[in-house]
Amino acid sequence: MSLRNNPFLRKRTRSIESIDESDRKRLRRLPTLPLDDEASSSMPSPGPSRGPSLSRLSLEGSFTQELARRLDQSPRRPRLSASSSFLHSAPLSSRASSIDDDGFHALIRSASASDIRRKRDSMGPGSEFPTFKEHSSFHVLKSVNNIDYSVPSPADATAGSPIGWSHSNALVFGRGNRVYYKSMADTEGVAQQLCKITDTMGNLALVQCAGEKHPNTAALATSNGYMQLWDLATKRPTLQWRMKGPRAMIFNATLLTVGDEKGALRHYDTRVNDPAKMKDQATKVTRHQGRITALAWNRDNFTVASGDQNGLILVWDIRKPRLPLEVGELVQRRRKMQHVGAITVRVFPTFSTPQGRRSRDRDVGGQALAWCPWYGKYLVSGDSAPDQTGTIRIWDIANDHGESPSSFSSSSSRTSERPKKLELDAQVTSLHFSPHINELLSTHGPGKVTEVPSLGNSIVDPLQSRMANAIVVHQFPLMRHVRTVCVARKGVAGSVLSPNGHRIVLAVPEEGQLKVWDVWGKFKAPKQQSLFESCAIR
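Quick note: the sequence shown, position 35, residue 35 per full-length UniProt numbering, numbers continuous.
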């Protein structure tokens, strides 16, 4: 009998074709098969095979679909065992497999690369995975030590959290109504008393240290309006005068700018030794309708920004001090810099008084108002809204005022990539720029609280924002997140940055502590190659 007319052979051939067709159908259904951990654990252990086994692979999502697509489109389609189903015959035939080990690993690399690209694209246009330099806070941020600290009685609504850091590396702060100073060169050293605030002077409200040219000068202000200048080297006062309700102050060389509780600004020339003459010669400007809470001088020594309890920010040119600059957002045909909440004022928890329980605002030692040291026309401000949220805003003073754009505006970063507003779930109590790296640090007080429904009879504590009582570092100007570290159990009232920009001191009055932290490392300039080294034969 010829082979062509052999019925047994034709029957066997039809069986192979039917098996081959069923194999192809099973293979097309591959993307719908559950290949999660539970399904993989329920699969029996496959037999030995020289090809890769699907049961040994951690295949998920798009990678599984891509693998099935390539298998289905292969000119040499793998043939499955005819004696069992697909789930029980995961090993592929080594003779017919279309994906060898090299191709399989290439597929894994391709899927991983696509995941990376997808994550990168989700970060926004032009975004890349951030890389941090050695002196970035990403690597440096850590706690150093704590210093005992206290503020006057909480029943006094005018009491502040005064701290200052002089260019002679001395920290000036209060313990009740006594003023202390401590050399920060020795973190374990003992603080020494500078002076005592008498009852007639009120409570210690503000401390401010002068600039680099006057490293031993510090200014003190009390709740009853007494102003004093002290020489930290001789431990003696050099000048005293009185004004109404000082609430914020800052030095600009020999000029001391003070904001009061009614919204007025005064510029005092501290070179005048006669207090009466100094008060008469002081320049006074008024435009704010609320208490001044924050002041910041630009490094150009001509521009000063002021913020008040109503969230209004004004920028003044000392050469034309009578009217503020018209900068900010265009509101009703006029430019205005306005926040929802107060600038650098946070609401402390309720306290007991003979009349009952109430809460009050307190001016903090640090200020949520800062000029960018590298691009002097950019001002950053932060607020404290009543619902315990905060917003950081970036203001382009040069472009808003019609001046030529700064080098920052003409940089490679596009304007659309720089957010002008960053909303946070915690009050902003202070802002600091690093002088060495493009990073901005913000400190935060109480955060927004989210109520959690109780489960049966159990009481569940409300959830607080992870930025509450924390340090948050951002890359500037893109405001990408660098690090967030919770530094206290209670609210961070304010902070002061060291003159060299390496450390920060955080005031936590409710814990009675000043917390010292390393924030930025020392900038190491790249070593310049000598002429001999550049010409040497390598």
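Glycine is no exception: its CB is placed at the ideal position from the N, C-alpha and C atoms.
Spatial neighbours of residue i within its chain, please: C-beta separation below 7 Å, excluding the five flanking residues on both sides.
i, result
"D269", "T254, L255, M278, Q281"
"F138", "F132, V482, R483"
"V340", "G311, D383, A385, T391"
"E510", "K490, G491"
"P237", "Q228, L229, W230"
Could you pull out every residue in the same chain whose Cβ sits closer than 6 Å to the Cβ of residue i, ignoring the five residues on either side in sequence?
i, result
"L171", "W165, K182, M184"
"H167", "E212, P215, P499"
"P275", "W241"
"G202", "T222, S223, N224"
"K524", "none"
"I504", "S495, L497, W517, V519"
"V449", "P462, Q464"
"E261", "G245, R247, R291"
"Y226", "M201, R242"
"T283", "H267, P321"
Mind checking whether residue i and residue j have CB atoms under 7 Å apart?
i, j, result
"L441", "I392", "no"
"I397", "V304", "no"
"N145", "V487", "no"
"S381", "I313", "yes"
"Q427", "G445", "yes"
"V207", "I163", "yes"
Going by C-alpha to C-alpha distance, which of the options sits closest to residue i?
i, options, result
"residue 572", "G307, D231, G390", "No answer is possible for residue 572: the residues shown for the chain start at 1 and end at 538."
"Q192", "G174, M201, P446", "G174"
"R322", "G512, P386, A264", "A264"
"L463", "L141, I250, D425, V144", "D425"
"V473", "V452, I394, R466, V482", "V482"
"S136", "H436, E511, A493, V144", "H436"
"M337", "I459, R291, N310", "N310"
"A218", "N203, G225, G202, C195", "C195"
"R519", "M467, S434, T200, E329", "Before going on, a small fix: residue 519 reads as Val here, not Arg. The shortest C-alpha separation from V519 is found at S434."
"A210", "L229, T198, A468", "L229"
"T443", "C372, V449, A368, D387", "A368"
"G290", "I343, T200, E439", "I343"
"G512", "V140, E134, Y149", "Y149"
"W374", "P477, G521, R247", "P477"
"V151", "N177, D317, T238", "N177"
"residue 545", "K420, A248, A470", "Not covered by the structure: residue 545. The range shown for the chain is 1 to 538."
"N371", "D260, K320, L295, R319", "Checking the displayed sequence, the identity of residue 371 turns out to be Trp instead of Asn. Ranking the options by Cα distance to W371, first place goes to L295."
"L239", "L220, L431, G245, A233", "L220"
"N169", "A233, R319, S454, R266", "A233"
"I147", "V140, L141, Y180", "Y180"
"V285", "L204, I318, V272, R503", "I318"
"L431", "L379, R271, S454, P324", "L379"
"E439", "I250, R480, D186, R333", "R480"
Where does the unbroken beta strand (DSSP E) through residue i begin, and where does it stop?
i, result
"V207", "204-209"
"V327", "Looking at the DSSP string, V327 is not in any beta strand (DSSP E), and its letter there is neither H nor E."
"I313", "312-317"
"I504", "503-508"
"N224", "That residue, N224, is in no beta strand (DSSP E); it is neither H nor E in DSSP."
"D396", "390-396"
"C372", "Per DSSP, C372 belongs to no beta strand (DSSP E) and is neither H nor E."
"D518", "513-518"
"T257", "255-260"
"E423", "421-424"
"I163", "163-165"
"Y181", "178-183"
"Q192", "192-196"
"G494", "494-497"
"L441", "439-447"
"residue 540", "Look at the range of the chain in this structure, 1 to 538, and you will see that residue 540 is not part of it."
"T484", "480-486"
"G174", "170-175"
Less than 8 Å between the CB atoms is what I'm expecting for residue i and residue j, so what's the real figure, rounded?
i, j, result
"R287", "G376", "23 Å between Cβ atoms; not a contact."
"P429", "G494", "Here the sequence assigns Thr to residue 429, which means Pro is not the residue at that position. Confirmed, about 5 Å."
"L497", "A507", "About 13 Å; that fails the 8 Å criterion."
"W297", "N252", "4 Å"
"G501", "E134", "In fact, because the Cβ distance is near 15 Å, the residues do not count as touching under 8 Å."
"M243", "R266", "7 Å"
State the start and end residues of the unbroken alpha helix (DSSP H) segment that holds residue i.
i, result
"D300", "It is not in any alpha helix (DSSP H) - D300 carries neither H nor E in the DSSP assignment."
"A276", "275-281"
"F138", "137-140"
Apart from the five residues on each side of it in sequence, which residues of its chain come closer than 8 Å, Cβ to Cβ, to residue i?
i, result
"R335", "E326, V327, G328, E329, D400"
"E188", "N145"
"M467", "L424, D425, A426, H444, G447, T484"
"V452", "V460, D461, P462, L463"
"M249", "L206, Q208, A219, A221, L256, T257, V258, G259, L295"
If we define contact as Cβ-Cβ less than 7 Å, is residue i a contact residue for chain E?
i, result
"V172", "Of the protein chains in the structure, only one exists, and it is not chain E."
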